[in-house]
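J.: Sequence positions in the sequence shown follow my numbering and run 6 to 158.
Just so it is clear, CB atoms sit at the ideal spot from N, CA and C, and this is done for glycine as well.
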Amino acid sequence: MSFAPANQLATVPADVRGSVVLVVDDEPAWRTILETELHMLSYRPLLAIDGMEGISEAVEHDPDVAIIDLALPGLDGWRLLSELRMRGISIPTIFFSVYPMGRSETEHPEVVACVSKLRGTAGLYALLPIAIRTKKHRKRRPGSAPPASLPGP
């Protein structure tokens with residue numbers, strides 16, 4: 006398990022600082038790492054230990070983005086997304102797991118990316134602004150100005 010580089014703190018865009026990030030992971034160590042680093046990066050983490058708690062947090066707090074482990078007890082990451090969708094909740098999601106993804110990302114339009122825990126957290130955090138802006142763009146009213154374009158690869 007690795008921590009994000011300290012210089013990444015300065016790279017969090019102002020328009021996404023303070024965004025609410027739902028973390029659903031059954032591993033206490035990963036929840037602690039993600040919570041600590043998200044606070045350091047000026048995000049507001051919400052923690053859930055399983056899919057059912059993730060649903061409760063999503064309903065209560067309307068997070069801007071979700072980081073979800075695929076292999077959760079009871080309700081796995083894919084089923085969690087399906088349950089949220091059935092309740093009319095759409096959250097841009099980044100799957101963060103040690104397990105192979107196995108399903109097409111296009112199966113759920115909410116899935117922004119799938120990131121391996123084996124690669125650490127830096128790549129995960131680089132995707133957060135993109136995912137958060139996706140939700141903000143969906144919430145825009147018709148006729149409002151489009152969001153600033155995202156930087157290319």
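For R124, which of H113, K141, K140 and Y104 has the nearest alpha-carbon?
T.: Among H113, K141, K140 and Y104, the Cα nearest to that of R124 belongs to Y104.
J.: Looking only at C-alpha atoms, which of V25, I60, D31 and I94 sits nearest to L46?
T.: Among V25, I60, D31 and I94, the Cα nearest to that of L46 is on V25.
J.: Any idea what DSSP makes of P18, helix, strand or coil?
T.: Of the three classes helix, strand and coil, the one that applies to P18 here is coil, per DSSP.
J.: In the DSSP assignment, find the alpha helix (DSSP H) that holds R49 and state where it starts and stops.
T.: From DSSP, R49 is part of no alpha helix (DSSP H) but of the beta strand (DSSP E) over R49 to A53.
J.: So, under 8 Å CB-CB, D69 and K140 are touching, yes? Tell me the CB distance rounded to an integer number of Å.
T.: With a Cβ gap of about 5 Å, D69 and K140 count as contacting.
J.: What is the C-beta distance between V29 and D74, in whole angstroms, given that I count them as a contact (C-beta under 8 Å)?
T.: Correct: roughly 6 Å between the Cβ atoms.
J.: Is the separation between the beta-carbon of I96 and that of A63 shorter than 8 Å?
T.: Yes, Cβ-Cβ distance for I96 and A63 is below 8 Å.
J.: On a CA-only basis, which of L43, W35 and G59 is nearest G79? Give me that one, please.
T.: Closest by alpha carbon: G59.
J.: At 4 residues or longer, and completely inside the stretch 61-121: list those alpha helix (DSSP H) runs for me, N to C.
T.: Within the stretch 61-121, the complete alpha helix (DSSP H) runs of at least 4 residues are 82-91.
J.: Could you spell out the range, first to last residue, of the beta strand (DSSP E) harbouring L163?
T.: No answer is possible for residue 163: it lies beyond the span of the chain, which begins at 6 and ends at 158.
J.: Do you know how far the Cα of M57 is from the Cα of I137?
T.: Roughly 23 Å separates the two Cα atoms.
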